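Under full-length UniProt numbering, think of the first position of the sequence shown as 1, with each following residue one higher.
C-beta atoms are modelled at their ideal positions from N, C-alpha and C, and glycine is treated no differently.
Note that this is a predicted model, so its numbers are computed, not measured.
Here is the structure we will look at.
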Amino acid sequence: MKYQNFYSRSIDHPDEFWLEQARQLNWYTQPKIGVSKDEYDYDQWFEDGELNLSYLCIDTHIANGYGNQNAIIYDSPVTTTKEHITFNQLHAEVSKLAGGLQDLGLQKGDTCIIYMPMIPQALYAMLACARIGVIHSVVFGGFAPHELAIRIDDCKPKAIITASNGIEIDRIIPYKPFVDEAIQKSKNKPEHVIVFDRKLGVEIPKKNYDIDYTTLVEKSSSIEAVSLSASHPSYILYTSGTTGTPKGIIRDTGGYATALKFSMKYIYGVEEGDTFWAASDVGWVVGHSFIAYGPLLNRNTTVLFEGKPIRTPDASTFWRVISEHQVKVMFTAPTAIRAIKKEDPNGDMLKQFDLSCLKYQFLAGERCDVATLTWTEEKLNVPVIDHWWQTESGWPMIANMVGVQLNLVKPGSSGFPVCGYDIRILNEEGQEVADDVEGYVTVKLPLPPGTLRNLWGNPKRFVAGYLERFPGYYFSGDGGYKDEDGYVFITGRVDDVINVAGHRLSTAEMEEIVASHKAVAECAVFGIHCNLKGQKPLGLIVLKSGDTFKEQEIASEIISQVRKEIGAVASFRDVLIVERLPKTRSGKILRKLLRNIADEHQYNVPSTIDDIAIIEEIKKVYQINKVGIHIS
């Protein structure tokens with residue numbers, strides 16, 4: 001197998017393999033050292049190399065004669081705006097903003113928070129920070145002031161770059177009042193708040209620390225990119241932790257650039273000049289790696305989309321964008337596909353567009369159920385690739401590496417380990433398990449380039465959270481198994497495994513069965529308290545639009561199917577029909593929240609929730625059906 005030989009070389013000879021990949025980039029100082037140890041005795045890559053991410057994303061392509069190629073296509077159905085931005089235009093904006101930041105006193109090693117909607121200025125800000133060695137931390141636009149204040153106090157930014165507002169389907173969200181309140185709440189006070197006015201009639205409260213973004217750029221000089229060590233932090237990205245305190249993932253510069261260039265070619269199968277679209281947000285890791293840096297490093301045109309898969313204006317939006325902008329490879333979350341499928345179950349809206357430009361559809365961000373994968377394959381008639389990775393990894397860990405070899409897609413599996421990731425499935429004692437036996441998904445050290453370097457200001461938490469559980473391995477926090485062919489199946493976070501009368505059962509496996517019912521648009525299965533058996537599973541389902549279904553009949557059919565495929569041991573007897581499920585803004589279903597509400601435990605509403613009103617709706621459904629500790 002071409003893939004197997006390629007992969008084996010990355011595991012058996014990692015230094016040689018990754019130094020070869022690093023040579024695909026235009027370094028100021030080409031590295032000669034592959035992997036080495038840092039001051040915490042943790043692996044780092046290319047310690048003797050020097051480069052700059054902003055230079056690689058912009059200046060290199062202009063020097064090679066591609067200044068007039070589109071770097072960014074901004075498509076905003078919520079504002080009916082479209083904009084094509086060439087590499088030359090990108091250079092002008094980024095280099096002048098970088099000059100403005102420098103004039104304000106920001107320099108290499110300082111931190112800056114970017115709190116922006118999905119607009120070109122968000123990418124300009126990221127690339128401008130990278131240009132002068134300022135470590136950026138993008139915080140999802142619209143995050144509550146309390147959450148923003150926590151991040152301000154953790155990373156202590158010298159400046160915050162924000163916008164007048166974000167736009168949802170049915171409302172405008174003013175950002176500046178959130179920033180002002182967060183600064184008021186925080187102990188650390190940034191020196192400057194740089195505000196981009198979108199000119200949408202939103203009032204911007206003025207403070208002494210305010211700087212107008214447009215004025216700053218207009219009066220600033222264009223500056224060159226600075227040379228940075230490969231180990232210099234490019235950004236901090238916060239992810240939720242089990243303690244409730246966000247973890248600031250640190251990403252390096254040289255390893256990250258190498259991994260992203262590698263990903264675009266060998267995982268996503270795109271060549272220089274192709275158009276690539278990751279339908280995500282710059283507040284998440286996908287937005288960093290595959291809206292901003294990855295495509296631009298590889299001289300791809302990246303689509304920056306400000307909208308939703310539905311209601312902007314309808315379920316045809318994704319297909320319109322692909323067709324209009326000639327997208328070769330697209331990447332989105334399964335939840336987006338399910339939303340489209342719910343609105344347009346037969347795919348009728350898709351038929352009005354010529355999608356012959358699309359070569360691959362990638363899905364990630366949550367487990368992809370077989371029903372969603374199959375529907376997408378049938379409607380798009382292209383390979384649909386589920387793949388798995390984390391904020392911590394920064395780029396895919398398990399995938400079908402279509403740029404190397406398109407392997408058979410096995411529904412339910414994320415594919416094979418990606419080059420550099422020596423995936424091992426371990427039991428509680430840290431021993432490898434046999435094929436088809438579920439265990440903990442780990443990666444034998446060293447991790448490949450581009451993965452997390454540490455946690456910002458908290459190396460002890462880094463070691464405790466990722467390295468202590470299984471010495472010599474990175475612990476992903478997910479459960480899964482490998483089959484006899486080497487395909488990896490991720491079954492979900494290890495706390496998604498429930499214990500029913502002494503039997504460890506995967507709620508993800510049950511969810512797969514529930515999702516396959518013809519009436520189900522999307523679902524969540526999780527464990528709730530049971531006085532008799534300790535835990536038992538509860539299924540919440542959202543029905544497809546348009547058809548008439550007999551609710552009791554559907555519940556009965558689903559329960560029978562779970563009993564048939566898993567057995568009576570699953571004790572799956574409860575299915576509730578709801579209008580919608582609570583999700584984060586990135587589309588992940590909040591199963592832990594659903595479980596805590598059902599069990600009448602205290603719970604905190606995550607700041608990442610898409611719509612807080614849904615919690616009361618869920619509570620009413622539980623109360624009507626007497627779900628909770630009252631059930632035995």
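Check                                                                                                                                                                                     : Outcome
According to DSSP, simplified to helix, strand and coil, what is K219?                                                                                                                    : helix
CB-CB under 6 Å to A292, same chain, minus the five flanking residues each way: which ones, in chain order?                                                                               : L123 and M126
CB-CB under 7 Å to K32, same chain, minus the five flanking residues each way: which ones, in chain order?                                                                                : D48
Report the rounded CA-to-CA distance for N448 versus Y421, giving the unit in angstroms.                                                                                                  : Here the sequence assigns Pro to residue 448, which means Asn is not the residue at that position. Taking the straight line from one Cα to the other gives about 6 Å.
Would the C-beta of I609 count as close to the ligand MG, meaning under 7 Å from any of its heavy atoms?                                                                                  : Among the components modelled here there is no ligand, and therefore nothing to report on the ligand MG.
Taking the C-alpha atoms as reference points, what is the distance between G67 and Y55?                                                                                                   : 13 Å
Among the residues of its own chain, which have a CB less than 8 Å from the CB of S227, if the five just before and after it don't count?                                                 : Y28, T29, E50, L51 and N52
Sorted by chain position, which residues of the same chain lie with C-beta nearer than 8 Å to S607's C-beta, five sequence neighbours on each side aside?                                 : F143, A144, H146 and E147
Just to confirm, is the Cβ distance from P380 to Q352 under 8 Å?                                                                                                                          : Position check: residue 380 holds Leu in this sequence, whereas Pro was assumed. No; because the gap between Cβ atoms is not below 8 Å, this pair is not in contact.
Examine the Cβ distances between the segment 560-574 and the segment 495-514 and report whether three or more of them are shorter than 8 Å.                                               : yes
Restricting to Cα atoms, I'd like to know which of T81, Y268 and S231 is closest to R198.                                                                                                 : T81
I need the straight-line Cα distance from M349 to S316, nearest angstrom please.                                                                                                          : 5 Å
Measure the Cβ-Cβ separation of K118 and F305 and say whether it is below 8 Å.                                                                                                            : Reading the sequence as shown, one finds Met at residue 118 and not Lys. Contact: yes.
Per DSSP, what kind of secondary structure is W375 in: helix, strand or coil?                                                                                                             : helix
How long is the line joining the alpha carbons of F526 and I541, rounded to whole angstroms?                                                                                              : 12 Å
Pull up the distance between the alpha-carbon of residue 639 and that of M397, whole angstroms please.                                                                                    : Nothing can be reported for residue 639: it is not among the residues displayed for the chain, which extend from 1 to 632.
Do G269 and G439 come within 8 Å of each other at the CB atom, strictly closer than that value?                                                                                           : no
Does the pairing of the segment 212-229 with the segment 85-96 give three or more beta-carbon distances under 8 Å?                                                                        : yes
Please report the straight-line C-alpha distance between S560 and K550, rounded to a whole angstrom.                                                                                      : 16 Å
Please state the DSSP three-state secondary structure of residue 636.                                                                                                                     : With the chain running from 1 to 632 in the structure shown, residue 636 is simply not present.
Taking the continuous beta strand (DSSP E) assigned at D574, which residues delimit it?                                                                                                   : D574 to I577
Mapping the DSSP letters down to three states, classify P77 as helix, strand or coil.                                                                                                     : coil
Between which residues of its own chain and I631 is the CB-CB distance below 6 Å, once the five residues before and five after are set aside?                                             : Unreliable positioning characterises I631 in this predicted model, as indicated by a pLDDT of 31, which lies under 50. A coordinate reading is not provided.
Near A336, which residues of its chain fall below 7 Å by C-beta distance, leaving aside the five closest residues on each side in sequence?                                               : A279, P309 and G587
Could you check whether the segment 248-259 touches the segment 446-463, counting it as contact only if at least three pairs of C-beta atoms, one from each stretch, sit closer than 8 Å? : yes
Going by beta carbon distance, what residues of the same chain come within less than 8 Å of T258, once the five residues before and after it are set aside?                               : W18, Q21, A22, Q24, L25, W45, F46, P449 and G450
Measure the alpha-carbon distance for I513 versus A333 and round it to whole angstroms.                                                                                                   : 20 Å
Taking the DSSP output, what are the residues bridged to S36?                                                                                                                             : Q44
Thinking C-alpha only, which one of D41, K185, A521 and I615 is nearest N346?                                                                                                             : A521
In chain order, what residues of the same chain lie with their CB nearer than 6 Å to the CB of K444, ignoring the 5 residues before and after it?                                         : D422, R424 and Y473
Could you tell me which residues DSSP pairs with E432 in its beta bridges?                                                                                                                : L426
Which residues in the same chain have their Cβ closer than 6 Å to the Cβ of N427, if we skip the five residues on either side of it in sequence?                                          : V433 and G439
Roughly how many angstroms lie between the CA atoms of K206 and V605, to the nearest whole one?                                                                                           : 31 Å
So what's F362 in DSSP terms, helix, strand or just coil?                                                                                                                                 : strand
Expressed to the nearest angstrom, what Euclidean distance is found between the alpha-carbon atoms of I267 and P383?                                                                      : 13 Å
Run through the segment 249-316 for me and flag every whole beta strand (DSSP E) of 3 or more residues, listed as ranges in chain order.                                                  : 275-278 and 301-305
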